[in-house]
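Novice:
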Amino acid sequence: MFENLLIGGSFAFAAAIQPGPLQAFLVSRVAATGWKRTLPACLAPPIGDVPIAVLVLFVLGQLSPVVQHLLRASGGALLLYFASVALRQWRRPAAPDKHRSAPRTLLDAVLVNLLNPNPYLGWAFVLGPSAIVAWHERPSHAVALVGAFYGTMVAMLALFIFLIGTVRFLGSRGQRALLAISALALAGLGLYLLVTGVRSLGVV
């Protein structure tokens, strides 16, 4: 159980603080309407990811255990790549985009999330394979993994919105520190999934 909570929580933490379309949307909304009115947008991932999760889990459920473990190992490699991207962003932080348009509702946030490739990659290579493995162990483990992911994601996005609206997101040093933490979390989780996925292939 703890293993699944750790996988879900750490992946959500790293994903929530990574610069991306949803984070840019949140910044633009806070600038336009304030953090209190933007706060409901933190619910966009659990709402918008439902069709993605159903589709991915349906497809993964039709695959052989060998392919599922191979995808799990591939997800580890993908997270290592994301860790390298976060490390590069930490070394050379990008200038904020002050001219990005601002959608106005939770529905717009859900649409932004649906058009973002990251949830598809996350479910296809990380959450989906891990949830399948956890379900075979015990259904409650899979529920714990997904619950930890979305619980942490919503909490982190809510904190992100609050910080942007009250303390300008900690300044450049704070942003770089979060990027460094994100890179470490992604690298650690990526190595774990890669190693466990390869080991599982050896016993299938």
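Each residue of the sequence shown is one higher than the one before, counting from 63 in this note's numbering. Just so you know, even glycine gets a beta-carbon here, dropped at the ideal spot from N, CA and C.
Using the C-alpha atoms, what's the distance from Arg200 back to Asn178?
Specialist: One-based indexing of the sequence shown puts residue 178 at position 116. One-based indexing of the sequence shown puts residue 200 at position 138. If you take the alpha carbons of Asn178 and Arg200, they lie about 31 Å apart.
Novice: Say whether the stretch 115–122 touches the stretch 182–190, bearing in mind that this needs 3 or more beta-carbon pairs closer than 8 Å, one atom from each stretch.
Specialist: Yes, the stretch 115–122 touches the stretch 182–190.
Novice: Given this structure, state the Cα-to-Cα distance separating Ser136 from Leu256, to the nearest angstrom.
Specialist: Working through the sequence shown from its first residue, we reach residue 136 at position 74. Working through the sequence shown from its first residue, we reach residue 256 at position 194. The straight-line gap from Cα to Cα measures roughly 7 Å.
Novice: Do you know how far the Cα of Leu219 is from the Cα of Ser90?
Specialist: As a working mapping, residue 90 is identified with position 28 in the sequence shown. As a working mapping, residue 219 is identified with position 157 in the sequence shown. Roughly 14 Å between the two C-alpha positions.
Novice: CB Ala206 to CB Leu67, shorter than 8 Å?
Specialist: If you number the sequence shown from 1, residue 206 lands on position 144. If you number the sequence shown from 1, residue 67 lands on position 5. For Ala206 and Leu67, yes; Cβs fall inside 8 Å.
Novice: My output table needs one value for Ser146: the three-state DSSP class, helix, strand or coil.
Specialist: Within the sequence shown, the letter at position 84 stands for residue 146. Ser146 falls in the helix class under three-state DSSP.
Novice: Just to confirm my understanding: we take Gly96, look at its own chain, exclude 5 residues before and 5 after, and list those with CB closer than 8 Å. What are they?
Specialist: The residue given as residue 96 occupies position 34 in the sequence shown. Only Gly227 meet the Cβ criterion.
Novice: Go through its chain and collect everything with a Cβ distance to Ser126's Cβ below 6 Å, but skip five positions before and after it.
Specialist: Your numbering for residue 126 matches position 64 in the sequence shown. So the list is empty, once near-sequence residues are dropped.
Novice: Between the alpha carbons of Leu88 and Ala103, how many angstroms are there, rounded?
Specialist: Walking along the sequence shown from the start, residue 88 turns up at place 26. Walking along the sequence shown from the start, residue 103 turns up at place 41. Cα to Cα, the separation comes out at about 8 Å.
Novice: If you run the structure through DSSP and keep just helix, strand and coil, what is Gly96?
Specialist: Stepping through the sequence shown from its first residue, residue 96 is reached at position 34. Coil, per DSSP.
Novice: Assuming Ser72 contacts Leu241 under a Cβ cut-off of 8 Å, what Cβ separation, rounded to an integer in Å, is found between them?
Specialist: What you label residue 72 is simply residue 10 of the sequence shown in a count that begins at 1. What you label residue 241 is simply residue 179 of the sequence shown in a count that begins at 1. Their Cβ separation, rounded to whole angstroms, is 15 Å, which puts Ser72 and Leu241 out of contact at 8 Å.
Novice: Would Ala139 and Leu248 qualify as a contact pair, given that the criterion is a beta-carbon distance under 8 Å?
Specialist: The count along the sequence shown starts at 1 and reaches residue 139 at position 77. The count along the sequence shown starts at 1 and reaches residue 248 at position 186. Result no, Cβ atoms of Ala139 and Leu248 do not sit closer than 8 Å.
Novice: Would a C-beta distance cut-off of 8 Å place Met215 and Ala77 closer than the cut-off?
Specialist: Here residue 215 refers to the residue found at position 153 when the sequence shown is read from its first residue. Here residue 77 refers to the residue found at position 15 when the sequence shown is read from its first residue. Result yes, Cβ atoms of Met215 and Ala77 sit closer than 8 Å.
Novice: Quick one, which of Val260, Thr258, Ala239 has its alpha-carbon nearest Gln151's?
Specialist: One-based indexing of the sequence shown puts residue 151 at position 89. The residue with the shortest Cα to Cα distance from Gln151 is Ala239.
Novice: Go ahead and pull the three-state DSSP assignment for Leu207.
Specialist: If you number the sequence shown from 1, residue 207 lands on position 145. Helix.
Novice: According to DSSP, is Gln80 part of a helix, a strand, or is it coil?
Specialist: If you number the sequence shown from 1, residue 80 lands on position 18. Note: Gln80 maps to coil in three-state DSSP.
Novice: Using the C-alpha atoms, what's the distance from Val92 back to Arg99?
Specialist: As a first step, residue 99 must be located in the sequence shown, where it is residue number 37. As a first step, residue 92 must be located in the sequence shown, where it is residue number 30. Going from the Cα of Arg99 to the Cα of Val92 covers about 8 Å.
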